[in-house]
Amino acid sequence: MQVAKITVDNFVGTFSAGERVRVVGGSGASGTADIVEQGSDFIIVENCSIAAVANNDSIQLVAGGGATCTANGAQLNLDRHDQVFATVQENSNLETELEPSMTATTISFHEGDPSATGLSHNDFIEDSAGNFLTEGFEVGMRISASGSANVNVSSITTGSTTTVTSDGRHNLVNGDLVKFTGSTGVTVVFPTEASSVINDFFFEVELDSSTPDTKFILLDPATRKNVTSTGSSSNGSLVNGNNFSSALIVAVSDSVITLSTSTDIHFQNEGQSITITGDLTADDEYQLGAFSGTTGHPACVAFFEQRLVFANTTNQPQTLFFSVSGDYTNFTAGVADDSALIYTIGSNQVNVIRYLTSSRVLLVGTSGGEFAVRAGSVDAPITPVNTQIKQQAKYGSADIQPLVVGATALFVQREQRKLRELVYDFNVDSYIAPDMTLLAEHITEGKIKEMAYQQEPNNVVWCVLENGKLVAMTYRREEDVVAWHEHQIGGTLTDGGTTYNYGFVESIAAISSGQRTEEEVYLVVRRTINGSNVRHVERLKPIDFGTDIEDAFYVDAGLTYSGGAATTISGLSHLEGQTVSILANGSTHADKTVSSGSITLDQSVTKAHVGLSYDSILQTMRTDAGGTEGTAQAKNKRISDIDIRVLNSVGAKIGPSETELDIIPFRTVHMTMDNPVPLYTGDKFIEFPGGYDNDGFVVVKQDQPLPLTILSIFPRLQTFDR
Numbered sequence: 037m038q039v040a041k042i043t044v045d046n047f048v049g050t051f052s053a054g055e056r057v058r059v060v061g062g063s064g065a066s067g068t069a070d071i072v073e074q075g076s077d078f079i080i081v082e083n084c085s086i087a088a089v090a091n092n093d094s095i096q097l098v099a100g101g102g103a104t105c106t107a108n109g110a111q112l113n114l115d116r117h118d119q120v121f122a123t124v125q126e127n128s129n130l131e132t133e134l135e136p137s138m139t140a141t142t143i144s145f146h147e148g149d150p151s152a153t154g155l156s157h158n159d160f161i162e163d164s165a166g167n168f169l170t171e172g173f174e175v176g177m178r179i180s181a182s183g184s185a186n187v188n189v190s191s192i193t194t195g196s197t198t199t200v201t202s203d204g205r206h207n208l209v210n211g212d213l214v215k216f217t218g219s220t221g222v223t224v225v226f227p228t229e230a231s232s233v234i235n236d237f238f239f240e241v242e243l244d245s246s247t248p249d250t251k252f253i254l255l256d257p258a259t260r261k262n263v264t265s266t267g268s269s270s271n272g273s274l275v276n277g278n279n280f281s282s283a284l285i286v287a288v289s290d291s292v293i294t295l296s297t298s299t300d301i302h303f304q305n306e307g308q309s310i311t312i313t314g315d316l317t318a319d320d321e322y323q324l325g326a327f328s329g330t331t332g333h334p335a336c337v338a339f340f341e342q343r344l345v346f347a348n349t350t351n352q353p354q355t356l357f358f359s360v361s362g363d364y365t366n367f368t369a370g371v372a373d374d375s376a377l378i379y380t381i382g383s384n385q386v387n388v389i390r391y392l393t394s395s396r397v398l399l400v401g402t403s404g405g406e407f408a409v410r411a412g413s414v415d416a417p418i419t420p421v422n423t424q425i426k427q428q429a430k431y432g433s434a435d436i437q438p439l440v441v442g443a444t445a446l447f448v449q450r451e452q453r454k455l456r457e458l459v460y461d462f463n464v465d466s467y468i469a470p471d472m473t474l475l476a477e478h479i480t481e482g483k484i485k486e487m488a489y490q491q492e493p494n495n496v497v498w499c500v501l502e503n504g505k506l507v508a509m510t511y512r513r514e515e516d517v518v519a520w521h522e523h524q525i526g527g528t529l530t531d532g533g534t535t536y537n538y539g540f541v542e543s544i545a546a547i548s549s550g551q552r553t554e555e556e557v558y559l560v561v562r563r564t565i566n567g568s569n570v571r572h573v574e575r576l577k578p579i580d581f582g583t584d585i586e587d588a589f590y591v592d593a594g595l596t597y598s599g600g601a602a603t604t605i606s607g608l609s610h611l612e613g614q615t616v617s618i619l620a621n622g623s624t625h626a627d628k629t630v631s632s633g634s635i636t637l638d639q640s641v642t643k644a645h646v647g648l649s650y651d652s653i654l655q656t657m658r659t660d661a662g663g664t665e666g667t668a669q670a671k672n673k674r675i676s677d678i679d680i681r682v683l684n685s686v687g688a689k690i691g692p693s694e695t696e697l698d699i700i701p702f703r704t705v706h707m708t709m710d711n712p713v714p715l716y717t718g719d720k721f722i723e724f725p726g727g728y729d730n731d732g733f734v735v736v737k738q739d740q741p742l743p744l745t746i747l748s749i750f751p752r753l754q755t756f757d758r
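Those letters in the sequence shown? Residues 37 to 758, by the working numbering.
1. Which residues in the same chain as residue 527 place their Cβ atom closer than 6 angstroms to its Cβ, once the five residues preceding and following it in sequence are excluded?
2. Would you mind reading off the limits of the alpha helix (DSSP H) that contains residue 208?
3. To the nearest angstrom, report how far apart residue 488 and residue 176 are at their CA atoms.
4. I'd like to confirm something about residue 566: is its beta-carbon nearer than 6 angstroms to some heavy atom of the ligand MG, or not?
5. Candidates 165, 289, 677: which alpha carbon is nearest residue 143's?
6. Runs of 3 residues minimum, wholly inside the stretch 251-305: which ones carry the beta strand (DSSP E) assignment?
7. Would you grab the beta carbon distance between residue 757 and residue 671 for me? Rounded to a whole angstrom, and I think it's under 8 angstroms.
8. Run the CB neighbour count on residue 159, radius 10 Å, all protein chains shown included, and call it buried at 16 or more, exposed below.
9. Thinking just about the alpha-carbon of each residue, which of 422, 442, 453, 417 is nearest to the one in residue 433?
10. Out of curiosity, what's the CA-to-CA distance linking residue 585 and residue 483?
11. On the three-state DSSP scale, how would you describe residue 168?
12. Quick one: is residue 112 buried, meaning 16 or more other Cβ sit within 10 Å of its Cβ, or exposed?
13. Please list, in chain order, all residues of the same chain as residue 579 whose beta carbon is under 8 angstroms from its beta carbon, the five residues on each side excluded.
14. Counting only runs of 3+ residues fully inside the stretch 306-373, write out the beta strand (DSSP E) ranges in chain order.
15. Of the choices 313, 256, 558, 266, whose alpha-carbon is the least far from that of residue 283?
16. Which runs of the beta strand (DSSP E) at least 3 residues long sit entirely within the stretch 553-623? Give them in chain order.
17. Out of curiosity, what's the CA-to-CA distance linking residue 667 and residue 753?
18. When the Cα atoms are used, what is the spatial distance from residue 200 to residue 209?
19. Within this structure, are the beta carbons of residue 689 and residue 720 separated by less than 7 angstroms?
20. Could you tell me the distance, in whole angstroms, from the CA atom of residue 592 to the CA atom of residue 525?
21. Which of the three DSSP states is assigned to residue 514 in this structure?
22. First and last residue of the beta strand (DSSP E) that includes residue 417?
23. Across the stretch 465-485 and the stretch 495-504, are there enough close Cβ pairs to call them in contact, namely three or more that are closer than 8 angstroms?
24. Quick one: Cα of residue 766 to Cα of residue 205, how far?
25. Counting pairs of Cβ atoms below 8 angstroms between the stretch 362-373 and the stretch 382-391, do you hit three or more?
26. Residue 311 and residue 191 look like a contact to me (Cβ under 8 angstroms); what is the Cβ gap, rounded to whole Å?
27. Could you pull out every residue in the same chain whose Cβ sits closer than 8 angstroms to the Cβ of residue 716, ignoring the five residues on either side in sequence?
28. Going by other Cβ atoms of all chains shown within 10 Å of its Cβ, with 16 needed for buried, is residue 680 buried or exposed?
29. Helix, strand or coil for residue 694, going by three-state DSSP, please let me know.
30. At which residues does the beta strand (DSSP E) containing residue 738 begin and terminate?
31. Quick check: residue 202 and residue 222, are their CB atoms within less than 7 angstroms of each other?
32. Could you tell me how far apart the beta carbons of residue 340 and residue 398 are, in whole angstroms, since I believe they sit closer than 8 angstroms?
33. Would residue 619 and residue 741 qualify as a contact pair, given that the criterion is a beta-carbon distance under 7 angstroms?
34. Can you give the Cα-Cα distance for residue 608 and residue 630, rounded to whole angstroms?
35. How many angstroms separate the CA atom of residue 359 from the CA atom of residue 347?
36. Please state the DSSP three-state secondary structure of residue 542.
This is the structure in structure tokens:
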């Protein structure tokens, strides 16, 4: 491209970039040119049709819009580049800089001389034409190179010294590293390597003192001693120095660009076209942070001893990051006691960290085991020089946040079937993890996916299973109470061709409330309602509702009406098309189907609880009593009658199985028939409906929206030893 920069004496009007203008020389030459740029006292043109204008001639540019300029005593020589053009862009400091590009046949690559620089290598690029500064290359810029030019070999003289003669000037310097290709017939012996053909190795160059332009001696790069060789060769060439990218310029002159020691290039001869391109987009050296889109973000977080602790990034799945003490956004590591620290768990396996939990120590659960983080001495805080992580158990943890209950932590094992208690045992001076599901392995068959802890009133650990069921464990460690129970949620769900005969629980949470005597438990429940799958956020009613049967709320997804006497209850659109159970003025009412968001009762009420029904079922273990010759297990027996002790209860059935149940009578003859049966506390004597069997099961069922709390069961039975 023919371009020229012209110093202008005066402007009339303004030229536009890309505008075609007429060029008139004082000597009579004329033609056209395209405007590239107009400055305050210069103008740059390209594609000019005039080859040259004599020195000190007057030049005039005339635009179609009337703009003109005159340059007196100027020289317009379009056969040379008076101005370097390059891509203009912004660097990281938002400063406008050039991105130069240079293509020449005068460029060669060289290995830095360690004896001169004191560095392992400080490689440089040479331009025998001396155009590096003119082309715009600067210190701090990164560059890339492409193209190649080999040096042909005339002969290789073997022996205790191996001398290479090139066809012409080789342009090598002392210290260059070279590699051969196609030089067959020569075998070399390194002092530190086994013998092999010459093409297999890199060699360091030592110029021949008598004919340095065409001869050089091969040295071992490791020892800088002569290489012994055998055989002979009169062919082959030196391999070009390999293209490179993003090399940092540390020094630059017209003829030499010196690169940082982090860039290692090999010799390449001049003579063919080589392109050197600046790369301003990488002009700053940088390092990715521990948290980024590339290295990953933390998957676990906790607070411990006034530090914010992160763990488990994509690149560092077993590493913990502790903030500066009391400064949660500062992760600058140091050696002061309050400095941030980074700790990677060193174990036999690399297992990702699943959770962090704070207690008297920082508990760390990984997919392969459980660890405790603490200071090296008792009651001391952790510091960068006083931190230890020790493995406590090797069960492996699921990706579920554990629960801290008192001084223990409850975590789900890796396969999500077992709930384990991580508790300190002074006998072994370590944490142990007994299985809380040992006596109820069946109850977590659906796999635990989420947990919540309700401390008041009964210390209950709630667990949501992947199959949508809700199970719970009453947990009182001080009394060794570990009691599992399953909770059937009213409703049904049809999803993906599968029908669930219960409300499908998706999530659970427990929060404290200063206005109530119990912590509140919230559920997200999915059901099929009126042909559509919907989600409801529901709250469990408190167990302690008082002593008035009218206040007993034992339905799911329910609402309460309280007001003047009414037979129609509306506001039930969330249960459209569902059959609902009703407790009307404290008495059970026949089930109704919701239509247009309402139901019509058989008689008027002032208070009613309306919602989905569910069954509560208790089945005892096999009865083991009455045997005179050892255990009563597997022996024929018969329960004749039974006493059942209840608290604030009404309405229930009892029998040997779910298909053979008798109603427990709570209404007595002296009660007014128009009033609800009051809550009962005490013992109920029942003739048991069962016959002879080997099990002795007792089943109690509540299928009405009424309260039932069983305190104890006392069967009277006869066991036959033979």
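A virtual CB, placed ideally from N, CA and C, is assigned to each residue, including glycine. Being a predicted model, the structure only gives us computed values, none of them experimental.
Reading off the structure:
1. 539, 563, 648
2. First-last for residue 208: undefined, no H or E at that position.
3. 57 angstroms
4. The ligand MG is not among the ligands present in this structure, which contains no ligands whatsoever.
5. Check the Cα spacing between residue 143 and each of 165, 289, 677: the tightest is with 165.
6. 251-255, 264-267, 280-288, 292-295
7. The distance from the Cβ of residue 757 to that of residue 671 is about 6 angstroms, consistent with a contact at the 8 angstroms cut-off.
8. Label assigned to residue 159: buried.
9. 453
10. 37 angstroms
11. DSSP places residue 168 in helix when its eight states are reduced to three.
12. Only weak support is given to the placement of residue 112: the predicted model assigns it a pLDDT of 43, under 50, and the question is left unresolved by the model.
13. 493, 494, 554
14. The beta strand (DSSP E) runs of length 3 or more contained entirely in the stretch 306-373 are, from start to end of the chain, 310-315, 336-340, 343-347, 355-358.
15. Nearest C-alpha to residue 283: 313.
16. 556-565, 568-575, 592-605, 615-620
17. 14 angstroms
18. 14 angstroms
19. no
20. 7 angstroms
21. helix
22. Unbroken run through residue 417: none, as it is neither H nor E.
23. yes
24. As displayed, the chain neither begins before 37 nor continues past 758, which places residue 766 out of reach and without an answer.
25. no
26. No, residue 311 and residue 191 are not in contact; Cβ-Cβ is about 32 angstroms, not under 8 angstroms.
27. 682, 684, 685, 686, 702
28. buried
29. Residue 694 falls in the coil class under three-state DSSP.
30. 735-738
31. Remark: C-beta atoms of residue 202 and residue 222 do not approach each other more closely than 7 angstroms.
32. 4 angstroms
33. yes
34. 7 angstroms
35. 12 angstroms
36. Strand at residue 542.
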